[in-house]
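Asks: Residue numbers (full-length UniProt numbering): 1 to 245.
Have a look at the structure that comes next, please.
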């Protein structure tokens, strides 16, 4: 699978009021491996940056004055991204600018040239609810070194986001551990152990607790117009007989 981590820098916050792209950085992943086939442009936005934006990226009008305009790099960007899965942190922001630039050229929106989109900000909010999920916060939380990041830069931020994305998606592949599978590293067989051989303490629920529990199940039954799963007897493990009543 070919994935591209994309980041942009802009003259301000709102493409609808005339703000423009001034830097684009893309980092390529193929089968979750960095390839080094990256793409990076500085772009002459044909206007000054807002003071707040300039403080973030540090790219002055003078520095950008001899850089190509977006129309000059658009075809290379489109072909580079064509058919790839795009990974962006806070995708709505970057796509708003890319779509505006594409519309100036009479082209369809950016994502119509790509296969799919992953917004790592939305993923992070699901994984870490109630926590700060900026790129810097995720770097700190996931152990990605961003000590060299003093100003925002599109290529630098895309490289950091690539490391963050790989860390976010590196977890175990399944919630089920199959005791019959070979160990991935050593090839050793795991022994299947039945918990029935252990004498585990059993604490019986009081009559009042049983009644309350039954009431909750009855409400669930009523809501689903059937019998909920907690009223059914679980099947015995493979190879074991059902326990005596």
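Think of the CB as a built atom: it goes at the ideal place given N, C-alpha and C, for glycine as much as any other residue.
Can you tell me where the alpha helix (DSSP H) with residue 258 in it begins and where it stops?
Replies: Residue 258 is absent from the structure shown; the chain starts at 1 and stops at 245.
Asks: Using DSSP with H/G/I as helix, E/B as strand and the rest coil, what is residue 25?
Replies: Residue numbering aside, residue 25 sits at position 25 when the chain shown is read from its first letter. It is a strand residue.
Asks: So, at 7 Å on beta carbons, what are the nonlocal neighbours of residue 221 in its own chain, with the 5 sequence-adjacent residues on each side left out?
Replies: Walking along the chain shown from the start, residue 221 turns up at place 221. Here the set comprises 227, 228.
Asks: Restricting to Cα atoms, I'd like to know which of 28, 3, 99, 47 is closest to residue 112.
Replies: Counting from 1 along the chain shown, the entry for residue 112 is found at position 112. Checked all of 28, 3, 99, 47; the closest Cα to residue 112 is 99.
Asks: Give a yes or no on whether the C-beta atoms belonging to residue 28 and residue 2 are separated by under 8 Å.
Replies: As a working note, residue 28 is residue 28 in the chain shown. As a working note, residue 2 is residue 2 in the chain shown. Going by C-beta atoms, residue 28 is nearer than 8 Å to residue 2.
Asks: Could you give the DSSP three-state label for residue 30: helix, strand or coil?
Replies: Here residue 30 corresponds to residue number 30 of the chain shown, with the count starting at 1. DSSP places residue 30 in strand when its eight states are reduced to three.
Asks: Of all the CB atoms in chain C, is at least one closer than 8 Å to the CB of residue 125?
Replies: The structure shown contains no chain C; it holds only a single protein chain.
Asks: Using three-state DSSP, classify residue 7 as helix, strand or coil.
Replies: Here residue 7 refers to the residue found at position 7 when the chain shown is read from its first residue. In this structure, residue 7 counts as strand in the three-state DSSP scheme.
Asks: Could you tell me which whole alpha helix (DSSP H) segments of length 4 or greater appear in the segment 31–79?
Replies: Listed in chain order, they are 51–57, 61–64.
Asks: Taking all protein chains shown into account, do 16 or more other C-beta atoms lie within 10 angstroms of the C-beta of residue 145, making it buried, or fewer, making it exposed?
Replies: Along the chain shown, one-based indexing puts residue 145 at 145. Residue 145 should be labelled exposed.
Asks: Considering only the alpha carbon of each residue, which of 152, 13, 164 lies closest to residue 140?
Replies: If you number the chain shown from 1, residue 140 lands on position 140. It is 164.
Asks: Beta strand (DSSP E) containing residue 101: first to last residue?
Replies: Along the chain shown, read from residue 1 onward, the residue named residue 101 stands at position 101. Premise fails: residue 101 lies in the alpha helix (DSSP H), 91–104, not in any beta strand (DSSP E).
Asks: Is it buried or exposed, residue 49, if we count other Cβ atoms within 10 angstroms and call 16 or more buried?
Replies: Taking the first residue of the chain shown as 1, we reach residue 49 at position 49. Classification of residue 49: buried, given that the 10 Å Cβ count is 16 or more.
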